[in-house]
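Which chain is which? The protein sequence lines are W and D, in order. If you number the first sequence the way our numbering does, the last residue is 207 and the count never jumps. If you number the second sequence the way our numbering does, the last residue is 207 and the count never jumps. Just so it is clear, CB atoms sit at the ideal spot from N, CA and C, and this is done for glycine as well. Bear in mind that the values here come from a model prediction, so they are computed numbers and not experimental data. Below is one structure; the comments refer to it alone.
Protein chains: 2
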Amino acid sequence: MENTEHTALTGKAEEILEVAERHMRAGGFDAVSFRDIATEVGIKSASVHYHFPQKADLGAAVVQRYTARVIAAVGAPDNSDDSTKERISRLIGVYRSAMIDDGLICLCCVLGAETLDLPDPVAEAVSSFFALVLKWTETALSAPPAAGETTTAAQIISSLQGAMVLSLATKNPQHFSDTANGILKAID
Amino acid sequence: MENTEHTALTGKAEEILEVAERHMRAGGFDAVSFRDIATEVGIKSASVHYHFPQKADLGAAVVQRYTARVIAAVGAPDNSDDSTKERISRLIGVYRSAMIDDGLICLCCVLGAETLDLPDPVAEAVSSFFALVLKWTETALSAPPAAGETTTAAQIISSLQGAMVLSLATKNPQHFSDTANGILKAID
DNA sequence: GTTTACCTATCTATCGATAGGGAGACAATG
DNA sequence: CATTGTCTCCCTATCGATAGATAGGTAAAC
């Protein structure tokens with residue numbers, strides 16, 4: 020069943036999610052169509068419906084897969100081997116490399132901005148992503164009780180998400196770097 | 020010609036922009052259709068095309084109108100009668116009331132997040148919005164040469180835009196307040 | 001023989017966009 | 001005053017493309 024590739028790509032379902040995520044991160048939920056995905060994956064649109072009956076199912080699956088990947092990438096928020104600053108740097112690095120490697124911003128930033136028009140299951144998955152990431156950041160901030168901790172998780176996540184939008188819209192990655200530096204400077 | 024209402028709403032073109040903006044801020048560029056707008060305004064979709072031949076025209080017009088409104092709302096960034104903090108508070112207030120009154124986030128945050136899928140004229144209008152707002156904020160920050168100014172315009176705009184997404188997606192306005200407080204605290 | 005994973009074929013709804021017509025306002029002309 | 005032409009702003013009607021979704025068939029795997 021499971022193939023033996025070096026990545027986690029296993030079967031068409033996984034390929035579908037991969038393609039769908041890329042399109043959603045570029046243009047939002049409406050930017051993906053069953054036909055486009057099918058063509059790119061090499062099957063027919065009816066076969067995409069076999070794996071994900073409704074578009075809302077596909078959207079929720081994409082967000083859940085994305086959430087798991089991000090949480091895995093940022094690592095443990097309470098490992099005493101690294102400092103708060105190192106942990107937040109890791110968080111920033113995940114987004115920085117996503118922008119550099121793929122040229123895409125955070126999936127849940129794109130979808131979160133259009134929450135009001137999203138099918139409920141998708142909106143809930145996006146909300147869960149932010150809840151998880153906020154919790155991770157809170158833990159990362161408070162693990163070493165910290166000296167004069169004033170920065171909050173919401174401030175850090177807000178800054179990062181907004182910086183991606185700003186950099187993308189103005190085609191100026193400097194805004195992201197600038198904001199990232201500000202976050203790190205406010206930590207020690 | 021010009022009617023005599025108490026607001027600036029003048030004619031169908033203005034009504035179209037109003038409705039289109041509301042839909043775009045809720046669900047992005049693809050969330051508006053000529054038919055929906057027409058129905059809401061009380062005309063036919065062909066008449067919407069009369070005012071805005073292509074959808075890209077409509078999108079660009081909506082963004083330009085929005086840009087002018089925001090810039091007017093935040094006022095002068097270099098009036099020596101108010102402090103830096105007062106100016107930034109005004110900027111925050113504009114977005115806060117937008118979220119409270121309309122339940123909608125910044126138009127250019129929604130569109131900026133899907134920049135890669137936007138018609139060029141719309142993407143350029145969004146980019147111009149951010150350039151203008153960044154310039155406004157830089158001026159607002161540096162007018163009184165400031166003591167230990169470390170906060171940059173990009174950091175403030177990023178935080179605000181991201182905070183709106185975060186608050187909307189999690190249905191928790193506290194995240195916006197939290198971020199807004201952090202911005203103000205970092206200024207003096 | 002049941003399940004999995006694809007297929008063909010097709011449905012209805014909606015999209016942006018266009019062609020061409022009509023009613024009213026208005027200015028110029030006689 | 002009455003007529004004429006033009007311009008604005010809306011209309012009806014329709015086009016082709018694309019959307020999500022479904023019914024039912026097929027071939028291989030277990």
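Under 8 Å between C-beta atoms of residue i and residue j
{"i": "Arg115(D)", "j": "Phe53(D)", "result": "no"}
{"i": "Pro96(D)", "j": "Arg88(D)", "result": "no"}
{"i": "Val67(W)", "j": "Ile35(W)", "result": "yes"}
{"i": "Ala132(W)", "j": "Leu153(W)", "result": "no"}
{"i": "Ile206(D)", "j": "Thr156(D)", "result": "no"}
{"i": "Met43(W)", "j": "Cys125(W)", "result": "no"}
{"i": "Leu77(D)", "j": "Ala39(D)", "result": "yes"}
{"i": "Leu130(W)", "j": "Val82(W)", "result": "yes"}
{"i": "Leu203(W)", "j": "Ser99(W)", "result": "no"}
{"i": "Gln138(W)", "j": "Ala65(W)", "result": "Checking the displayed sequence, the identity of residue 138(W) turns out to be Pro instead of Gln. Going by C-beta atoms, Pro138(W) is not nearer than 8 Å to Ala65(W)."}
Own chain residues within Cβ distance below 6 Å of residue i, not counting five before or after
{"i": "Cys222(W)", "result": "Lying outside 20 to 207, the shown extent of chain W, residue 222(W) is not represented and no answer is given."}
{"i": "Thr23(D)", "result": "Only weak support exists for where Thr23(D) lies, its pLDDT of 30 falling under 50; the coordinates are left without a value."}
{"i": "Leu110(W)", "result": "Val93"}
{"i": "Leu179(W)", "result": "Tyr114"}
{"i": "Gly181(W)", "result": "none"}
{"i": "Gly30(W)", "result": "none"}
{"i": "Ser186(D)", "result": "Pro192, His194, Phe195"}
{"i": "Thr86(D)", "result": "Phe148"}
{"i": "Ala199(D)", "result": "Ile111"}
{"i": "Asp197(W)", "result": "none"}
Run of the alpha helix (DSSP H) containing residue i, from where it starts to where it stops
{"i": "Ala32(D)", "result": "30-46"}
{"i": "Thr156(W)", "result": "139-161"}
{"i": "Asn200(D)", "result": "193-204"}
{"i": "Gln174(W)", "result": "172-189"}
{"i": "Phe53(W)", "result": "53-60"}
{"i": "Asp121(D)", "result": "103-121"}
{"i": "Ala92(D)", "result": "74-93"}
{"i": "Ala65(D)", "result": "64-70"}
{"i": "Cys127(D)", "result": "126-132"}
Interface residues of chain D facing residue i [CB-CB closer than 9 Å]
{"i": "Ser177(W)", "result": "Ser177, Ser178, Leu179, Gln180, Gly181, Ala182, Met183, Val184, Leu185, Ser186, His194, Phe195, Asp197, Thr198, Gly201"}
{"i": "Asp76(W)", "result": "Correct list: empty, because the minimum Cβ distance to chain D is about 19 Å."}
Chain-ordered neighbours of residue i on chain D, where CB pairs are closer than 7 Å
{"i": "Phe149(W)", "result": "Leu185, Ala188, Thr189"}
{"i": "Val129(W)", "result": "Ala132, Glu133"}
{"i": "Gln174(W)", "result": "Ser178, Asp197, Thr198, Gly201"}
{"i": "Ile124(W)", "result": "Ala132"}
{"i": "Pro45(W)", "result": "A small correction: the amino acid at residue 45(W) is Ala; Pro does not occupy that position in the sequence shown. Within chain D, the residues near Ala45(W) are Leu135, Asp136."}
{"i": "Thr156(W)", "result": "Within chain D, no residue comes near Thr156(W); the closest Cβ sits about 11 Å away, beyond 7 Å."}
Chain-ordered chain W contacts of residue i [CB-CB under 7 Å]
{"i": "Val145(D)", "result": "Ala188"}
{"i": "Thr58(D)", "result": "By Cβ distance, chain W contributes nothing, its closest Cβ being about 17 Å from Thr58(D), past 7 Å."}
{"i": "Thr86(D)", "result": "What Thr86(D) touches in chain W: nothing, since even the nearest Cβ is about 13 Å away."}
Neighbourhood of residue i by C-beta distance below 8 Å, restricted to the same chain and skipping five residues each side
{"i": "Leu3(W)", "result": "Limits of chain W in this structure are 20 at one end and 207 at the other, which puts residue 3(W) out of reach."}
{"i": "Arg84(W)", "result": "Leu36, Glu40"}
{"i": "Ile176(D)", "result": "Phe149, Val152, Leu153, Thr156"}
{"i": "Lys190(D)", "result": "none"}
{"i": "Glu143(D)", "result": "Ala79"}
{"i": "Ala188(D)", "result": "none"}
Neighbourhood of residue i by C-beta, 7 Å cutoff - its chain only, sequence neighbours within 5 removed
{"i": "Ile62(W)", "result": "Lys31"}
{"i": "Ala80(W)", "result": "Leu36, Phe71"}
{"i": "Phe48(W)", "result": "Gly78, Leu130, Glu133, Leu137, Val141"}
{"i": "Ala57(W)", "result": "Lys63, Ser64, Ser66, Val67"}
{"i": "Glu59(D)", "result": "Val38"}
Proximal residues of chain D, C-beta to C-beta of residue i below 8 Å
{"i": "Ala50(W)", "result": "Asp49, Glu133, Asp136"}
Under 8 Å by beta carbon: chain W residues contacting residue i
{"i": "Thr103(D)", "result": "Simply none; closest approach about 16 Å."}
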